[in-house]
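Here's the structure, in structure tokens; my notes come after.
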Amino acid sequence: MTTAAHTSTPAIAEAPAFGSFRGTLTSALITPSMFGVAARGFETCALLVLGTLIAQAYVPAAALVGGTNYILAPIVTVLIATSIFQAFGLYAPAMLRSPLRVLGHLCLGWTVAVAALLASLFFLKIAPDFSRVWLATWYGTGLVCLTLGRVALMVITRAASRAGHLTRSAIIYGSGGSSEALIAQLQSDPNSDVRICGVFDDRSEDRSITSIGNIPCLGNIDALKAFSRSEHVDMLIMALPLAAETRVTMLMQRVTELPIDIRLAATASTLRFHKSAYSYIGSVPVIDLCERPISGWDACAKWLFDKTIAMLAIVLLAPLMAIVAAAVKIESKGPAIFRQKRYGFNNELIEVYKFRSMYTDRADATATKLVTKNDPRVTRVGRLIRKSSLDELPQLFNVLCGTLSLVGPRPHAMQAKAADRLYPDVVDGYFARHKVKPGITGWAQINGWRGETDTHEKIQKRVAFDLDYIENWSVWFDLYILAKTPVSLMSTDNAY
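Heads up, the sequence shown is in the numbering used here, so the first residue is 68 and it goes up one at a time.
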């Protein structure tokens with residue numbers, strides 16, 4: 068299980084102000100690899116639809132009805148063509164932005180695929196079963212389709228790049244000569260999808276510099292963490308040699324709680340490993356030190372899972388929620404819904420919805436005082452819905468809004484305490500649980516660590532389970548936790 072360094076002061080994402088960057092670092096909702104898969108799917112569908120339409124126009128109906136020749140042959144041919152395009156690297160963002168650079172490879176790949184089809188028909192002795200007009204027309208119009216499709220993909224790719232969806236925002240730690248060389252290499256690499264936003268270093272002020280190249284130097288490690296909280300940052304690249312073990316270790320202890328990829332630039336060291344030990348940013352080799360959890364296709368799967376289940380749950384549980392809301396309103400004055408600020412993904416403050424369980428004039432929005440057994444602030448209806456967790460049902464709307472997930476570490480209130488100490492003061496690496504979006508239920512909750520945290524051990528155990536969930540996440544894990552949640556709610560010993 069991974070842990071991060073201890074920090075006692077919450078780093079709220081909206082607190083720091085880096086004015087020139089505010090709003091410029093757009094979240095990479097679509098990664099370059101995901102966009103490449105979408106482009107490949109686009110070309111596959113376009114060529115298949117084109118082949119089908121031409122067959123409908125030129126091939127006699129008798130040859131189409133009841134046969135599979137004009138279904139299997141186009142599918143196999145198009146898969147061969149797009150596989151060749153993939154091997155040529157034609158789905159990389161740099162290639163999608165410049166169609167003129169790839170027309171030769173497109174033509175070659177499509178020609179080889181159609182030639183493979185012709186050879187197969189000849190050796191299988193089924194060439195007479197296919198229309199030569201269909202095949203020649205499909206080949207010629209396929210070249211036109213690929214060319215026009217690449218022009219369309221160029222427009223889309225460039226627009227997505229300008230919006231920040233196909234670039235990763237990166238910051239660099241280290242302000243020496245290695246950093247300057249790294250920045251120059253990344254900026255001159257046409258295949259790099261990284262945009263450098265700032266340089267940070269922990270050196271003393273008398274050795275500090277204001278910029279490296281055209282990249283500003285923005286401060287020390289504390290400033291780095293604040294910047295990562297206030298702006299969207301995808302990656303931290305350490306421009307440090309492997310020999311600087313102390314600095315690398317110190318930095319890792321301070322920043323592994325951030326939801327970013329952490330890389331060590333291999334160009335900063337003379338020591339060389341086998342090429343399989345490196346990953347690459349464009350053509351720049353780096354060593355992977357830490358991966359952002361639940362990203363790329365995993366993030367898409369979790370997003371779809373959350374939205375689908377949340378919408379179904381809202382529809383099915385709407386009558387129950389109406390009854391609970393009415394009971395809350397009838398028993399005591401005030402709104403049925405209670406809104407509370409809590410820490411969400413990357414320490415951002417989010418507003419979480421609950422059915423109100425306390426008297427309005429006694430509500431504690433910051434959770435300065437924990438709810439205890441027979442707490443006089445809690446209404447009779449509130450006591451019932453808190454024990455059964457029915458007060459959490461409005462958080463399904465948080466899931467639809469995107470501030471919560473169905474499953475994840477539970478979001479904690481701003482002043483939540485274990486005994487008499489704030490949670491971050493009790494648990495080393497507490498904020499590492501904010502590397503993913505918080506959830507309505509979680510791994511800690513179904514293992515019995517829900518309810519009152521009147522001892523330090525309880526919050527320590529809860530965070531340990533949260534970090535274990537982050538490290539081992541999968542859609543099946545989420546399904547398992549959801550299935551176990553109703554069973555875990557039967558135990559109400561710690562729920563007041």
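Think of the CB as a built atom: it goes at the ideal place given N, C-alpha and C, for glycine as much as any other residue.
Being a predicted model, the structure only gives us computed values, none of them experimental.
Looking at the unbroken alpha helix (DSSP H) that takes in residue i, where does it start and where does it end?
i, result
"K609", "Past the boundaries of the shown model lies residue 609; the chain is included only from 68 to 563, so the question cannot be answered."
"G207", "R199 to R229"
"Y137", "N136 to A154"
"A161", "P160 to R164"
My output table needs one value for residue i: the three-state DSSP class, helix, strand or coil.
i, result
"E110", "helix"
"R444", "coil"
"P83", "For P83, the pLDDT reaches just 37, beneath the cut-off of 50, and the residue's location in the model is therefore unreliable, leaving the point undetermined."
"Y345", "coil"
"D545", "helix"
"M425", "strand"
"I193", "coil"
"L471", "coil"
"R488", "strand"
"G90", "Caution applies to G90, whose pLDDT of 37 falls short of 50 and renders its modelled position unreliable; the model cannot decide the point."
"S456", "coil"
"N465", "helix"
"V181", "helix"
"T234", "coil"
"T552", "helix"
"M101", "helix"
"V494", "coil"
"V169", "helix"
"R500", "helix"
"G515", "coil"
"T334", "helix"
"T119", "helix"
"L451", "helix"
"L188", "helix"
"A430", "coil"
"L157", "coil"
Near residue i, what residues of its chain come up, given a Cβ to Cβ distance below 6 Å and the 5 sequence neighbours on each side ignored?
i, result
"D458", "K421, F422, S424 and I452"
"I329", "L303, L356 and C357"
"A71", "Here the model assigns A71 a pLDDT of 40, short of 50, so the residue's position is not dependable, and the following value carries that caveat. Answer for A71: T323, E324, G496 and A499, listed in chain order."
"A219", "none"
"A306", "I239, G241, S245, S246, L249, A332 and A335"
"R19", "In the structure as shown, the chain starts at 68 and stops at 563, and residue 19 therefore has no counterpart that could be examined."
"S456", "L556"
"Y206", "V181"
Output needed for residue i: all residues of its chain with C-beta closer than 7 Å, excluding positions within five of it in sequence on either side, in chain order.
i, result
"F88", "Any reading at F88 must be qualified, since the residue scores a pLDDT of 43, below 50, and its modelled position is unreliable; the value itself is stated next. So the qualifying residues of the chain are C264 and E298."
"Q252", "T334 and V351"
"I327", "S295, V300, D301, M302, L303 and R359"
"G475", "V503, K504, P505, G506 and G509"
"D269", "N287 and I288"
"W201", "I121, A122, Y125 and V126"
"G401", "R423 and T427"
"D413", "Checking the sequence shown, residue 413 turns out to be Asn, not Asp. Here the set comprises A80, R296, P326 and H501."
"V494", "I526, Q527 and V530"
"S278", "C284"
"L384", "L460"
According to DSSP, which residues form a beta bridge with residue i?
i, result
"E418", "K408"
"G506", "S472"
"D328", "M302"
"V351", "I348"
"I239", "V266 and I304"
"T480", "It should be noted that the sequence gives Ala, not Thr, for residue 480. The partner list for A480 (beta bridge, DSSP) reads R409."
Might you give, ordered along the chain, the residues of its own chain that have their beta carbon closer than 8 Å to the beta carbon of residue i, omitting 5 neighbours on each side?
i, result
"I404", "A392, Y420, K421, F422, R423 and P461"
"A183", "T144 and I147"
"G90", "For G90, the pLDDT reaches just 37, beneath the cut-off of 50, and the residue's location in the model is therefore unreliable, although a value from the coordinates is still provided. Excluding sequence neighbours, G90 sits near nothing in its chain."
"T522", "A485 and A486"
"A129", "Caution is warranted here: a pLDDT of 49 is assigned to A129, below 50, making its placement in the model unreliable, and the coordinate value is therefore given only provisionally. Correct list: empty, nothing qualifies."
"L467", "K374, A377, M378 and I381"
"F152", "R107, E110, Y158, H172, L173 and G176"
"L549", "I376, L473, V474 and T508"
"L115", "P141, I142 and V145"
Whole runs of the beta strand (DSSP E) within the segment 353-413, excluding any shorter than 3 residues:
DSSP assignment within the segment 353-413 yields the following whole beta strand (DSSP E) runs of 3 residues or more, N-terminal first: 404-410.
Within the segment 245-282, ranges of the beta strand (DSSP E) (whole runs, at least 3 residues)
261-267
Segments of 4+ residues assigned as alpha helix (DSSP H) that fall wholly inside the segment 282-323:
288-297 and 312-322
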